[in-house]
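With the numbering used here, the residue at position 730 of the sequence shown is 748, and numbering never jumps.
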Amino acid sequence: MPVLTRDEAQSRARLLDIHRYRIDLDLTRGEEHFGSTTVIRFTARTAGRTFVELKPATLHRATLDGQPLDPADLDGNRLPLTLSAGEHELRVEADMRYSRTGEGMHRFTDPADGRTYLYTQTFLDDAQRVFAAFDQPDLKALFDATVTAPPEWTVLGNAIATRLGPPEEGRWQLATTKPLSTYFVAFAAGPWHSIRTEHAGLPFALHCRQSLAAHLDADADEILDITRRCYDRYHEIFDEPYPFDSYDQAFVPEFNAGAMENPGLVTFRDEYVFRSAVTDTQRLGRGTTIAHEMAHMWFGDLVTLQWWDDIWLNESFAEYMGVQILAEATRFHDTWTDFAIARKAWGYDADQRPSTHPVAPTPDDVHDTAAALLNFDGISYAKGAGALRQLVAWLGEKDFLAGINDHFARHRFGNATLADFIDSLARNTDRDIPAWARTWLRTSGVDTLTPTVSDTPDGWRLDLHHDGTRPHRLSIGLYDHAPGDRPTLTARDRTTTDLPAGPGTHSLTLPGPRPDLVLLNDGDLTYAKVRLDPTSWNTALTALSGIPDPLSRAVLWNAARDMVRDGELDPTAYLDAARTHLPHERDIAVVQGVLAFTRTQIADRYLTPEQRHHALATLTDLCHDLLDRTHGTTGTEGLRLAAARTLIDSATTPDTLQQWLHTGTAPGGPALDPELRWRTLARLATLGAATPHDIDTELTRDPSATGQEGAARCRAARPDPAAKAAAWHTLYTDDQLSNYLFTATAQGFWQPEQADLLRPYRDRYYPDALALATRRGPALAAAAGTHGFPHTLIEEETLRRGQDFLRDADPTPALRRKLADQLDDLRRALAVRAAHP
């Protein structure tokens, strides 16, 4: 089906003014289809030809101003319209397909109790999977909706929903919305477990499926407290009040994204309803997502991008505000540490691949909706947020907020562009905002800052070598060894300097003795890779865990991470640093980030198979050390949980894991709840120590949706030819797999320990992934390109075959982008191995 081009969208926006949609959905027509009737009232400014989008199972009838249109004229997803100048009414009646891929109207039956739930994800251009639409962001309209559902269900939407008639009729009406883009229109229906309250005169609510009710109840106070605090903080800094009539948060199954900012009905993946033990950093992550989506009520929902080249106006701002507001309004004060060690690394990695793009690409770079979908990545989120943090450091928070409020006032319930936002900022400061935007938003790639330190007669000299194009306001941390037996560092006052745009060397002469550690970008206020001079690196090797501020430690760990990825630091040196310092680390975000990089990148990708066994043994010793040092210590439950997870994933023999699974706990805790039990069984399956009977027994113990995914992961992980053949058939032939079950199966399939068994599937992967992406669409294409890729075969042959495929085949844009990124990561891994044989 054709995708919408920018030129087509601009032409249609010039022609049409959309007033109102009236949508009626019938959700009682069986398991495959639902009924959708749409009435659209609009004005054609002149006579002309255009089209409305629709992806039906069956188009029953369509009328324009009461005159029938021929359903046979539907061309793919486009129904052509010939319009005279003036007012029009279009009516479309169709049967639509339920989705199993998280796109359009997703249908899910909970294996725990047999109850069915529906929700929509109309994002980008999937409204047309639910109702007929002029499906582009700058054709906003009012929406009225009615829904027929089974009588025991509750219906949710963008506005307050009320029952029509007696309950047994199952009829619901939603209040008229404010002007919305089509990609924000949302419905959710099912026998939801709901927790309702009120705040600031508005109805607030939480919703989840019934099998998660007890888990949502356990965390409802925390979730609602974060919601209220963020809501109040946004009202302190934004002049424009919350613009909608209610605030529902629905935790929905098999959701592709982390969450979606539908006005009045935010949908979250229901893994945020924690059914097993989690670390405080995971709770912080949930809180950040709550704050992020609430920020979208202003950045995106109130003021919406005009075309998809400006997604940074939505995502970069929501990412920045979510982290900042959570720190300001809740108990989670170290949000920027988690951002530095987890989210920012996502941005740095994406920005160094061939697929990188500017935070704000030009409109010509986003020529259609397929191209737009590729840009929802670490650049639009993490790099954009990092750029905004640098902007605030340079501009000052007062002027930054003044510009934002000016932007809201000028474009409320409308659409805006980068130029509009830059103009609003410029009206509220004397700084050269257009120049900042050119250097920060219209360029791609990561700047690198390298220090050279030397002594001078009156102090010491710092030469900052700038490889890049952007200006930076930079904080420099200066640290000295502290007296005492344990290696610790004391901080001098930070030095702040401004690096001009463009490459070159900037020199500072500073008083006093040369510090033992010079840390560029201390405080992490800018977006750049930083290096360490030799003396500073030697200090870090002995005293990294003795740096007082966890954010400073995160910046230093990121520097080491980048040096490994760039081939400048032997991966074993990073592993040794982790072994030395993590047992003394108390910040859970730092522990989780370093353990994740060490386990998944150092051990599985950057070290050879011969070195990998030693790396896993080192990680096992490290995690045992962490467990021993935290045994019986209050407040270390998160550290113990992180250590236990990595110890399970790093086991090379089954004995300890079998003992834990049998007793139901690690010595001294944590107890093996469902998440840890499935993790343990997956590792045993990989090692060949779990049978199909073991997997079935565990599934009987936990028949939930998460249990189904765990079982699929375990079955695919077994080093058995028949198990691999069955998993492959399920992945690439059985199109009934949901998005989540596909991902779980693919994750289990590729295991580093099984290279010889898996190598024959490398040849099968490319044609099978190509066919799957063509049949099942962008969501499954992305899953196949990410989790399905043979990433464990770090070999030149894998790279060659992938390059040949991209050159000779014609994969869908979603698959092509994921494969290009995977192949670049593979190329980097091979280069790291070559640099440190």
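For glycine and all other residues, C-beta sits at the position ideal for the given N, C-alpha and C.
Bear in mind that the values here come from a model prediction, so they are computed numbers and not experimental data.
8 Å contact criterion, which G188 and L136 should meet: CB distance rounded:
Along the sequence shown, read from residue 1 onward, the residue named residue 188 stands at position 170. Along the sequence shown, read from residue 1 onward, the residue named residue 136 stands at position 118. At roughly 13 Å, the Cβ-Cβ gap does not stay under 8 Å, so G188 and L136 are not in contact.
Expressed to the nearest angstrom, what Euclidean distance is found between the alpha-carbon atoms of P155 and L702?
The sequence position of residue 155 within the sequence shown is 137, counting from 1. The sequence position of residue 702 within the sequence shown is 684, counting from 1. Approximately 48 Å, taken between the alpha carbons.
Neighbour-count burial assignment, D25, 16 or more Cβ in a 10 Å radius
Within the sequence shown, numbered from 1, the residue matching residue 25 stands at position 7. When all chains shown are included, D25 counts as exposed.
So the beta strand (DSSP E) L34 belongs to, where does it begin and stop?
Taking the first residue of the sequence shown as 1, we reach residue 34 at position 16. Taken as a continuous stretch (DSSP letters only), the beta strand (DSSP E) holding L34 covers L34 to D44.
With respect to the beta strand (DSSP E) encompassing V165, which residues constitute its N-terminal and C-terminal limits?
Translated into positions along the sequence shown, residue 165 becomes position 147. Its beta strand (DSSP E) spans residues L160 to T166.
Go ahead and pull the three-state DSSP assignment for G94.
One-based indexing of the sequence shown puts residue 94 at position 76. Coil.
If Y545 and A360 are in contact, beta carbons under 8 Å, what's the gap, nearest whole angstrom?
The count along the sequence shown starts at 1 and reaches residue 545 at position 527. The count along the sequence shown starts at 1 and reaches residue 360 at position 342. Incorrect: roughly 15 Å between the Cβ atoms, too far for contact.
Buried or exposed: which applies to Q619, given that a residue is buried once 16 or more other Cβ atoms fall within 10 Å of its Cβ?
Translated into the one-based positions of the sequence shown, residue 619 becomes position 601. Burial call: buried.
Please determine, among S563, A577 and N539, the residue with the shortest C-alpha to C-alpha distance to P552.
Within the sequence shown, numbered from 1, the residue matching residue 552 stands at position 534. Cα-wise, what sits closest to P552 is A577.
Does the Cβ of H805 lie closer than 7 Å to at least one heavy atom of the ligand ATP?
With respect to the ligand ATP, the structure shown offers nothing to examine, as it has no ligands at all.
Thinking just about the alpha-carbon of each residue, which of R293, E272, T299 and V296 is nearest to the one in F286?
The count along the sequence shown starts at 1 and reaches residue 286 at position 268. Minimum Cα distance to F286 is reached at E272.
Cβ-based burial, S525 [other Cβ within 10 Å; buried from 16]:
Counted from its first residue, the sequence shown places residue 525 at position 507. Exposed.
Just to confirm, is the Cβ distance from G686 to G656 under 8 Å?
Numbered from 1 along the sequence shown, position 668 holds the residue referred to as residue 686. Numbered from 1 along the sequence shown, position 638 holds the residue referred to as residue 656. No. Outside cutoff.
Cβ-based neighbour list, P501, same chain, cut-off 7 Å, excluding 5 preceding and 5 following
For the purposes of this step, residue 501 is identified with residue 483 of the sequence shown, where counting begins at 1. Cβ within range, chain order: n/a, list empty.
Are F202 and N95 closer than 8 Å when you measure CB to CB?
The residue given as residue 202 occupies position 184 in the sequence shown. The residue given as residue 95 occupies position 77 in the sequence shown. No, these two residues do not count as a Cβ contact at 8 Å.
Pick from P168, A193, V165 and L811 that is closest to G282, judged by C-alpha positions:
In the sequence shown, residue 282 corresponds to position 264, counting from 1. Minimum Cα distance to G282 is reached at A193.
Residue range of the unbroken beta strand (DSSP E) whose run includes M114:
Stepping through the sequence shown from its first residue, residue 114 is reached at position 96. That run of the beta strand (DSSP E) goes G104 to R115.
Whole beta strand (DSSP E) runs in the segment 205-243 with 3 or more residues, listed along the chain?
205-208, 211-217 and 220-226
So, do the segment 127-135 and the segment 105-117 have three or more beta carbon pairs nearer to each other than 8 Å?
no
Have a look at D298, L665, R647 and L848 and flag the residue whose alpha-carbon is nearest the alpha-carbon of I606.
As a position in the sequence shown, residue 606 is number 588, starting the count at 1. Of the candidates D298, L665, R647 and L848, the one whose C-alpha sits nearest the C-alpha of I606 is D298.
Looking only at its chain, what residues have a beta carbon closer than 8 Å to the beta carbon of A103, apart from the 5 residues adjacent to it on each side?
Looking up residue 103 in the sequence shown gives position 85. These residues qualify, in order along the chain: A62, R63, T64 and A65.
Within a Cβ cutoff of 8 Å, which residues of the same chain sit near L230, ignoring the five residues on either side of it in sequence?
Indexing the sequence shown from 1 puts residue 230 at position 212. Only H211, F269, D288, V291 and R293 meet the Cβ criterion.
For D91, count neighbouring Cβ atoms within 10 angstroms of its own Cβ and tell me buried if that reaches 16, exposed if not.
Here residue 91 refers to the residue found at position 73 when the sequence shown is read from its first residue. Result: exposed.
Pick from Y265, Y366, L811 and E815 that is closest to D584, judged by C-alpha positions
Stepping through the sequence shown from its first residue, residue 584 is reached at position 566. When only C-alpha atoms are compared, the closest one is Y366.
Sequence-distant residues of the same chain with beta carbon closer than 6 Å to T138, five excluded per side:
Position 120 of the sequence shown holds residue 138. If we look at T138 and ignore the five residues flanking it on each side, its Cβ neighbours are M123, V148, A204 and F205.
Please classify T200 as buried or exposed, where buried requires at least 16 neighbouring CB atoms within 10 angstroms.
Counting from one through the sequence shown, the residue named residue 200 turns up at place 182. With 16 or more other Cβ atoms within 10 Å, it is buried.
May I ask you to report which of helix, strand or coil DSSP gives L136?
In the sequence shown, residue 136 corresponds to position 118, counting from 1. It is a strand residue.
Do W9 and G318 have their C-beta atoms within less than 8 Å of each other?
The structure shown does not extend to residue 9, since the chain spans only 19 to 855, so no value can be given for it.
Would you say R731 and Q765 are within 8 Å of each other, going by their C-beta atoms?
Position 713 of the sequence shown holds residue 731. Position 747 of the sequence shown holds residue 765. The answer is yes: Cβ separation under 8 Å.
Test item: CB-CB of T470 and D481 under 8 Å:
Locating residue 470 in the sequence shown gives position 452, where the first residue counts as 1. Locating residue 481 in the sequence shown gives position 463, where the first residue counts as 1. Result yes, Cβ atoms of T470 and D481 sit closer than 8 Å.
Can P221 and R214 be called in contact, C-beta distance under 8 Å?
Stepping through the sequence shown from its first residue, residue 221 is reached at position 203. Stepping through the sequence shown from its first residue, residue 214 is reached at position 196. Yes, Cβ-Cβ distance for P221 and R214 is below 8 Å.
For N446, count neighbouring C-beta atoms within 10 Å of its own C-beta (all shown protein chains included) and say buried if the count is 16 or more, exposed if not.
For the purposes of this step, residue 446 is identified with residue 428 of the sequence shown, where counting begins at 1. That one is buried.
Around the C-beta of N539, are 16 or more other C-beta atoms found within 10 angstroms, so that it is buried, or is it exposed?
By one-based count along the sequence shown, residue 539 stands at place 521. With 16 or more other Cβ atoms within 10 Å, it is buried.
Compare the beta carbon distance of F256 and L302 with 8 Å and say whether it is the shorter of the two.
Residue 256 sits at position 238 when you count from the first residue of the sequence shown. Residue 302 sits at position 284 when you count from the first residue of the sequence shown. No, these two residues do not count as a Cβ contact at 8 Å.
Within a Cβ cutoff of 7 Å, which residues of the same chain sit near E693, ignoring the five residues on either side of it in sequence?
The residue labelled residue 693 in the question sits at position 675 within the sequence shown. S294.
Going by DSSP, what residues sit across from E71 in a beta bridge?
Position 53 of the sequence shown, counted from the first residue, corresponds to residue 71. R96 and A151.
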